[in-house]
Amino acid sequence: MVEEKVITPVLKPTEWGAPIVILPKSDGNVRICVDLIELNENVMRELHPLSKAEYSLNLLTGAKMFSKLDANSGFWQIPLDKKSSYLITFITTFGRFRFQRLPFGISSAPEHFQRRMSQMLEGIPGTICHMDDILIWGSTQEEHDQRLAEVCKRLKNFGMTLNAKKCIFSQTSIKFLGHIIDGQGIHPDPDKIAAIEIYQPPTNKKDLKQLLGMANYLARFVPNYSDILFPLTFMLSNKVTFVWEAPQEAVFQKMK
1 MVEEKVITPV
11 LKPTEWGAPI
21 VILPKSDGNV
31 RICVDLIELN
41 ENVMRELHPL
51 SKAEYSLNLL
61 TGAKMFSKLD
71 ANSGFWQIPL
81 DKKSSYLITF
91 ITTFGRFRFQ
101 RLPFGISSAP
111 EHFQRRMSQM
121 LEGIPGTICH
131 MDDILIWGST
141 QEEHDQRLAE
151 VCKRLKNFGM
161 TLNAKKCIFS
171 QTSIKFLGHI
181 IDGQGIHPDP
191 DKIAAIEIYQ
201 PPTNKKDLKQ
211 LLGMANYLAR
221 FVPNYSDILF
231 PLTFMLSNKV
241 TFVWEAPQEA
251 VFQKMK
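Everything in the sequence shown is counted per UniProt numbering, starting at 1 for the first residue and increasing by one.
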């Protein structure tokens, strides 16, 4: 990270010094993170709205050709001014360092990054940016190619680089925001449906809330969705005792 100029050593006293924490990963390795909890309590977050998936998906009417771009280590491509950089000083066994690029873990980072990306792509039709994922679409191959070329030109002018391994070009069907999108419209992702199909009946409100969170993904595809699941959503109320009997099981099986 020092060689990439993401962080740099700190030799002078600073107001802030965050510790590092070691977290286990599912593959048995560990992830080293900077604990920014205390700093986040003093950060003033930007009032820039994050794009909602439902709104973005509704913009895709008539789309037939798609490309998806991935900003390479997105946050790290946003430079920090020196004052902000010193606030994100952290302490290691090798000494103190500070971030020179926007780090993961700062509470205001998502809004700031989304605002910068929106500014970069402002005025280009047929583009949706959700954090470091950029979708470009067109109703024809020619329209798609023109928009893709303009997006790439704009990103180059701003110095934004892409992760080539994650970029997908000129597809008639593409996965974006957890949905499959093609010339016929928007479809549920089979992987998400499979996850619901194998879900076991919940045994408490916490399990039920998790189940309904997964099921909400299908709301746009199921007529009268709210009415169908009301016997389950009703039980999330603090005034209602959790029970799982024949009526709840029937709704659960119908949902699956």
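Yeah, the Cβ is synthetic: ideal placement off N, Cα and C, and Gly gets one too.
Query	Result
Contact check, V34 vs I88, beta carbons under 9 Å	yes
Euclidean distance between Cα positions of N163 and L69	8 Å
Inter-residue Cα distance where the pair is W244 and N204	9 Å
Buried versus exposed call for A63 [16 or more other C-beta atoms within 10 Å across all chains shown]	buried
Rounded straight-line distance, which links the Cα of I136 to that of Y225	31 Å
C-alpha gap between A18 and I7, whole angstroms	14 Å
Contact check, residue 257 vs F104, beta carbons under 9 Å	For residue 257 there is no data in the structure shown, the boundaries of the chain being 1 and 256.
Segment limits, alpha helix (DSSP H) that includes M65	Careful: M65 lies outside any alpha helix (DSSP H), inside the beta strand (DSSP E) at 65 to 70.
Residue range of the alpha helix (DSSP H) that includes I228	225 to 233
Assigned secondary structure, W244 (DSSP; H/G/I helix, E/B strand, else coil)	coil
Member of K192, L11, S108, L50 whose CA lies at the smallest distance from the CA of L80	S108
Minimum C-alpha distance to N58 - residue among G126, A215, E142, M214	G126
The beta strand (DSSP E) enclosing F90, as first and last residue numbers	89 to 92
Every unbroken alpha helix (DSSP H) inside the stretch 175 to 233 [4 residues or more]	190 to 197, 205 to 215, 225 to 233
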